Amino acid sequence: MQVATISFDRFNALQDTEAQERIRAARARLGDRAVLLCHHYQRADVYQHADLTGDSLKLARLASQTDAEYIVFCGVHFMAEVADILSKPSQIAILPDLAAGCSMADMANLAKVERCWRELGEVLDTPDDLITPVTYINSAADLKAFCGEHGGIVCTSTNAPTILDWAFAQREKVLFFPDQHLGRWTGYKKGIPLEQMVVWDPDLEYGGLTPEQIRNAKVLLWKGHCSVHQMFQESHIRRWRMQHPDGLVISHPESSLEVCQNSDFVGSTEYIIKTIAAAPANTRWLVGTELNLVNRLAEEMKPEGKIVQFMAPTVCMCSTMQRIDPQHLAWTLENLAEGNVVNRIQVPAHEAELARVALDRMLAVS
Ligand code: 13P
Ligand code: SF4
């Protein structure tokens with residue numbers, strides 16, 4: 007028998023310690039009916055409850071492999087959508103706070119991407135024959151569906167180089183959205199001249215480009231970015247290297263081209279963690295990615311004498327992911343334990359089918 011949903015009001019004012027106890031108690035009641043997937047940026051007081059952790063690619067694979075009835079996603083909205091799309095129809099994906107979005111993902115939407123495609127069609131006649139649309143996984147499900155429908159694909163920060171090869175094997179140009187930085191860095195590493203990677207501004211007609219610029223472009227980069235990674239500057243690296251000439255710099259590819267060019271290593275959150283974990287003892291690192299991850303890594307690496315430092319002088323957290331706090335997690339799990347599904351993420355069937363085409367293409371080649 008279905009019991010009335012427990013209101014979040016009763017959890018909002020919970021002290022953290024009580025919320026933690028209630029998370030543990032609800033999890034014990036749920037057993038293996040619920041699995042907790044956590045992205046590496048998740049705050050420590052939630053991350054400690056994770057069954058499985060990872061970057062976006064790893065979490066997408068894990069979501070497709072779990073048999074749990076409830077996939078409780080401690081990440082952001084697009085990650086829970088991917089979990090819903092890739093899991094079995096009987097499984098339920100849940101985002102403990104629906105306000106946990108991704109500001110970068112919000113920088114592209116279907117209406118603007120369709121307008122872009124239309125305008126490209128006016129210049130190039132047959133965009134479906136000439137351009138492969140590639141969406142970063144940090145995007146809404148309907149944009150993944152757009153890629154599925156137009157012969158395109160999804161990429162993550164881990165597999166972007168492989169996906170770009172795949173995209174160019176299909177057609178001569180790529181439209182990359184919504185993160186210009188990941189697209190530019192990936193193209194740059196493949197030797198594509200910067201002048202052939204032009205920025206498409208979705209708020210301007212024809213992206214603010216001339217027909218000639220569009221015709222000459224190899225990659226059209228959507229004018230989007232991550233508000234966290236845009237805080238890292240080349241000057242932070244320069245100053246740090248003066249103080250620590252033997253130190254090593256590692257950055258996420260959502261950082262600017264200049265930051266990536268001046269880093270010793272560039273890669274996904276999982277890659278950053280693995281690279282520093284595998285490094286020799288007593289090494290010193292400057293890390294250009296979100297603060298929760300860097301703080302956790304700094305603690306974990308202390309016993310080996312590794313020093314891990316954050317790149318920016320200001321606090322750069324993924325403020326939306328941060329919204330998933332112990333109170334929301336406790337509320338979600340207690341409701342599930344009572345038989346009430348709250349905050350379900352369910353992509354409409356026709357959209358999910360096409361988005362899955364683009365996601366399956368990605369999983370097949372990476
Ligand atoms: P990763 O796939 O590297 O974890 O990146 C996801 C993300 O949103 C980084 O800002
Ligand atoms: Fe989105 Fe940036 Fe947060 Fe990553 S860190 S989830 S790109 S807002």
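According to our numbering, the sequence shown is numbered sequentially starting from 7.
Virtual Cβ for every residue (Gly too), placed ideally from N, Cα, C.
From a predicted model like this one, the values you see are computed outputs, not experimental measurements.
- Within its own chain, the residues whose Cβ lies closer than 7 Å to the Cβ of residue 82, once the five positions on either side in sequence are excluded, are 106, 107, 108, 326, 327, listed in chain order.
- Under the three-state reduction of DSSP, residue 164 is assigned to coil, being neither helix nor strand.
- For residue 290, the closest of 151, 178, 256 by C-alpha to C-alpha distance is 256.
- Burial is judged here by how many other beta carbons sit within 10 angstroms of a residue's own beta carbon; residue 135 has fewer than 16 and is exposed.
- Relative to the ligand 13P, the beta carbon of residue 232 is positioned inside 7 Å of a heavy atom.
- In this structure, 102 is the residue among 27, 60, 102, 297 with its C-alpha nearest to the C-alpha of residue 347.
- Between the ligand SF4 and residue 82, a heavy atom-to-CB distance of less than 7 Å is present.
- The alpha carbon of residue 22 has as its nearest neighbour, out of 286, 331, 343, 360, the alpha carbon of 331.
- In this chain, the beta strand (DSSP E) harbouring residue 290 covers 290 to 294.
- Judged by DSSP secondary structure, residue 80 falls within the beta strand (DSSP E) whose first and last residues are 76 to 80.
- Between the region 191 to 205 and the region 224 to 233, the count of C-beta pairs closer than 8 Å reaches three or more; the two stretches touch.
- Spanning the alpha carbons of residue 183 and residue 123 requires a straight line of approximately 12 Å.
- Apart from the 5 residues on each side of it in sequence, residue 311 sits with its Cβ closer than 7 Å to the Cβ of 287, 288 in its chain, given in chain order.
- Following the DSSP letters along the chain, one finds residue 138 in no alpha helix (DSSP H) but inside the beta strand (DSSP E) bounded by residues 137 to 142.
- Sixteen is the threshold: when 16 or more other Cβ atoms of the shown chains lie within 10 Å of the Cβ of residue 333, as they do, the residue is buried.
- Between the ligand SF4 and residue 327, a heavy atom-to-CB distance of less than 7 Å is present.
- In the DSSP assignment, residue 179 forms a beta bridge with 137.
- Residue pairing by DSSP puts residue 315 in a beta bridge opposite 292.
- Non-local C-beta neighbours of residue 68 in its own chain, meaning closer than 8 Å and more than five positions away in sequence, comprise 43, 58, 60, ordered along the chain.
- The count of Cβ pairs closer than 8 Å, one atom from the region 235 to 255 and one from the region 206 to 219, stays below three, leaving the stretches out of contact.
- At a Cβ-Cβ threshold of 8 Å, residue 169 and residue 338 do not count as neighbours.
- Ranked by Cα distance from residue 110, the options 260, 14, 174 are led by 260.
- For residue 356, the uninterrupted alpha helix (DSSP H) run begins and ends at 355 to 371, by DSSP.
- With fewer than 16 neighbouring CB atoms inside 10 Å of its own CB, residue 280 falls in the exposed class.
- By the neighbour-count criterion, in which a residue is buried when 16 or more other Cβ atoms sit within 10 angstroms of its Cβ, residue 11 is exposed.
- The nearest non-hydrogen atom of the ligand SF4 is 7 Å or more from the C-beta of residue 301.
- The shortest CA-to-CA distance from residue 160 to any of 179, 88, 354, 206 is the one to 88.
- By the CB criterion at 8 Å, residue 19 and residue 340 fall outside the cutoff.
- Beta-bridge pairing by DSSP links residue 271 to 256.
- Within the region 192 to 230, the runs of alpha helix (DSSP H) that reach at least 4 residues and sit entirely inside it are, in chain order, 217 to 222.
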